[in-house]
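Residue numbers (the numbering used here), protein chains in the order written: chain B, 178 to 518; chain L, 13 to 348.
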């Protein structure tokens with residue numbers, strides 16, 4: 178293994194990270210970037226924005242950037258759920274289905290008023306998240322399997338309920354529509370971005386400054402050590418999965434509000450992008466390493482990329498190939514930088 | 013972690029216990045499948061060759077995909093891209109095979125299996141080279157393959173030869189009462205795979221690397237080669253799943269999402285007793301597990317349960333199975 182590590186690090190020295198110019202490796206600039214990997218993401222983001230504005234000059238305007246932000250917001254919130262779970266070594270494959278379910282309930286209860294609609298939606302997230310937490314924390318079910326199964330369970334339940342207790346309107350109420358798709362300040366700033374910003378502050382505060390946040394890192398870094406130093410891992414896991422469920426539900430409300438009408442496929446396409454945003458942002462899927470600020474950059478990169486692909490008029494096929502390549506390429510680059518640290 | 017400590021502190025056990033520990037799960041899953049089939053037979057008015065054929069034939073793609081996933085997971089990886097690899101193979105086959113005679117379709121099929129193995133070996137190589145976790149790289153390959161499939165066949169279509177459909181479904185029209193070709197195909201390929209994994213040096217190295225990578229490396233196994241090998245074999249079996257899809261439908265469809273197939277394959281290997289941590293499991297047990305997962309929805313329909321509930325039951329079943337295995341493992345650790 179040691180030999181392999183040497184070979185890889187030797188490669189890194191000869192290949193400067195993309196976006197830093199043709200400077201020789203180990204120059205002060207490269208060293209600085211290696212110490213601050215987020216700057217690479219910022220560089221990638223700026224380059225993407227510039228490329229997009231070359232393709233479509235109108236993109237560098239309030240409307241253009243707003244559209245990217247609107248696309249990025251639900252992904253960013255869903256990716257917050259993935260980030261806090263990935264820090265503990267988990268993942269939430271049911272996040273998209275939780276989001277869909279929450280949006281469905283909210284749309285269905287819209288005639289009852291905004292409070293009940295939103296409350297009902299969030300309740301879906303809390304219940305499903307708590308169930309995930311009990312499965313993972315108490316019964317030690319592998320998170321991948323637990324949340325995958327939860328996704329199937331929710332899909333089955335909601336497909337049945339759509340014809341029984343939740344039959345009727347699938348149109349989202351006006352309040353949630355404004356929240357998901359509306360803007361203020363003369364149509365410049367979307368409400369969804371405000372919601373995302375507030376949640377981001379909360380998540381960043383939780384991870385950086387709260388004891389609970391430190392528990393998440395500890396648990397993902399070394400579960401044994403965390404247990405021996407007094408962390409009750411099952412309690413932490415139940416809480417973090419519940420929070421993740423709640424975040425998933427909020428993402429669903431934003432998405433449902435933007436689309437307007439809800440169906441049971443609503444958030445499906447956002448599941449893997451939410452994982453990708455966290456991965457691009459440098460959160461390790463094995464736990465213990467990562468920040469939410471990185472994930473935010475990841476979500477923004479995906480949002481700009483979406484705009485770029487739309488402007489290029491590329492079909493589904495090209496979009497997906499490019500999308501997959503970027504996930505592979507950026508995570509590769511990022512791992513090399515992290516290995517240099 | 014647990015696998016290592018479990019192996020080191022293994023105590024002297026009675027032969028019966030040891031046999032149960034080694035093979036109990038495999039037999040349990042097969043018995044569960046038989047019990048379910050017997051139960052199904054009492055539920056529906058007419059149970060015969062047609063029903064058996066329907067289960068076996070339509071379950072074939074799921075079995076192959078689960079086996080593909082199992083090989084990769086045993087060697088310590090996980091491949092989210094197997095589902096879209098199957099779809100890519102399926103649409104490419106449908107595109108190339110349309111209007112061709114049987115012999116040509118067979119050659120195309122063989123070529124596609126080899127090509128899929130080579131491409132997936134490339135995925136394994138990227139994982140080695142980049143040192144990015146398997147799950148992330150294959151998340152990327154999931155998208156890349158899906159996009160390639162859409163590029164090959166934007167709209168559902170294409171075709172294949174009648175002989176080729178017979179090879180996978182026992183019927184030239186894709187529906188019939190003859191399960192034997194599918195059974196033969198699965199038995200030959202999976203038994204060969206099981207023999208390779210269990211009896212040969214290169215096959216056993218998959219288990220070695222999957223259960224403990226560094227000790228395997230230190231004892232002279234080239235861990236990176238083993239990873240590439242496992243991805244290549246997995247890619248080949250994913251291609252078999254894709255060919256089965258084409259043979260059943262008689263055409264290709266790139267608009268269905270490969271991710272769902274992947275998730276199904278992960279659920280199947282878990283039910284089949286393959287540990288997601290690597291190094292533990294048998295491909296023989298994965299065959300009934302794949303069939304059971306496919307088979308649950310007809311059973312529940314026959315029981316008069318809403319088919320949508322089948323999905324709920326399937327999810328709960330998987331969680332319960334995992335919780336039980338988790339508790340068994342926990343007790344074992346506590347005792348040792």
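Think of the CB as a built atom: it goes at the ideal place given N, C-alpha and C, for glycine as much as any other residue.
- Residue state for residue 463 of chain B is assigned as coil, using DSSP reduced to three classes.
- Considered as a whole, the stretch 363-409 of chain B harbours 368-386, 388-398, 400-405 as its complete alpha helix (DSSP H) runs of no fewer than 4 residues, in chain order.
- Taking 9 Å as the CB threshold, residue 157 of chain L lines the interface with chain B.
- The way I'd put it, the stretch 427-447 of chain B doesn't touch the stretch 306-317 of chain B; fewer than three beta-carbon pairs between them come closer than 8 Å.
- In the DSSP annotation of this structure, the continuous segment of the alpha helix (DSSP H) that includes residue 135 of chain L starts and ends at 114-142.
- According to DSSP, residue 268 of chain L shares a beta bridge with no other residue.
- With contact defined as three or more Cβ pairs closer than 8 Å, the stretch 470-478 of chain B and the stretch 486-493 of chain B are not in contact.
- Of all residues in the stretch 321-345 of chain B, the ones placed with a Cβ closer than 7 Å to any Cβ belonging to chain L are 321, 322, 323, 325, 326, 327, 329, 330, 332, 333, 334, 336, 337, in chain order.
- Annotated three-state conformation of residue 153 of chain L is helix, per DSSP.
- Contact between residue 481 of chain B and residue 225 of chain B holds: their C-beta atoms lie close to 5 Å from each other, under 8 Å.
- With the criterion set as a beta carbon lying under 9 Å from some beta carbon of chain B, the members of the stretch 268-285 of chain L are 269, 271, 275, 278, 279, 282, in sequence order.
- By DSSP's assignment, residue 348 of chain B forms a beta bridge with B:438.
- Contact between residue 154 of chain L and residue 236 of chain L is ruled out by a C-beta separation of about 22 Å, above the 8 Å threshold.
- Closest in C-alpha terms to residue 238 of chain L, from the list L:164, L:254, L:217, L:107, comes L:217.
- By the CB criterion at 9 Å, residue 80 of chain L and residue 250 of chain L fall inside the cutoff.
- A straight-line Cα-Cα distance of about 18 Å links residue 498 of chain B and residue 247 of chain L.
- Its Cα nearest to that of residue 268 of chain B, the residue B:465 stands out among B:465, B:509, B:513, B:374.
- Interface annotation, residue 160 of chain L: in contact with chain B, CB-CB separation under 9 Å.
- Bounds of the alpha helix (DSSP H) holding residue 229 of chain L are 225-230.
- Among the residues of chain B, those whose CB is under 7 Å from the CB of residue 342 of chain L are 317, following chain order.
- The continuous stretches of alpha helix (DSSP H) do not include residue 446 of chain B, and DSSP gives it neither H nor E.
- A distance of 9 Å or more separates the beta carbons of residue 329 of chain L and residue 273 of chain L.
- Neighbours of residue 462 of chain B in chain L, taken as residues at a C-beta separation under 7 Å, are given in chain order as 145, 147, 148.
- Looking at the DSSP output, residue 169 of chain L sits in a beta bridge with L:264.
- Against chain L, a Cβ distance below 8 Å from residue 508 of chain B picks out 142, 144, 148, 149, 152.
- Residue 445 of chain B has a beta carbon lying within less than 9 Å of a beta carbon in chain L.
- Here DSSP, grouped into helix, strand and coil, assigns residue 59 of chain L to coil.
- Collapsing the DSSP output to three states places residue 361 of chain B in a strand.
- Exclusion of the five residues before and after residue 278 of chain B leaves 301, 331, 335 as the residues of its chain whose Cβ lies within less than 6 Å of its Cβ.
- In this structure, residue 389 of chain B lies away from residue 266 of chain B, with their beta-carbon atoms at least 9 Å apart.
- Apart from sequence neighbours up to five positions away, the residues of its chain that approach residue 317 of chain L with a beta-carbon distance below 8 Å are 325, ordered along the chain.
- Proximity of residue 265 of chain B to chain L, defined by a Cβ-Cβ separation below 9 Å, is not satisfied.
- Contact check for residue 151 of chain L and residue 452 of chain B: beta-carbon distance about 6 Å, within the 8 Å limit, so the pair qualifies.
- Beyond the five residues adjoining it in sequence on each side, residue 125 of chain L comes within less than 6 Å, by CB distance, of 248, 251 in the same chain, given in chain order.
- Every alpha helix (DSSP H) of 4 residues or more that sits fully in the stretch 275-326 of chain B is shown, in chain order, as 291-314.
- Annotation for residue 345 of chain L: the continuous alpha helix (DSSP H) segment containing it runs 319-347.
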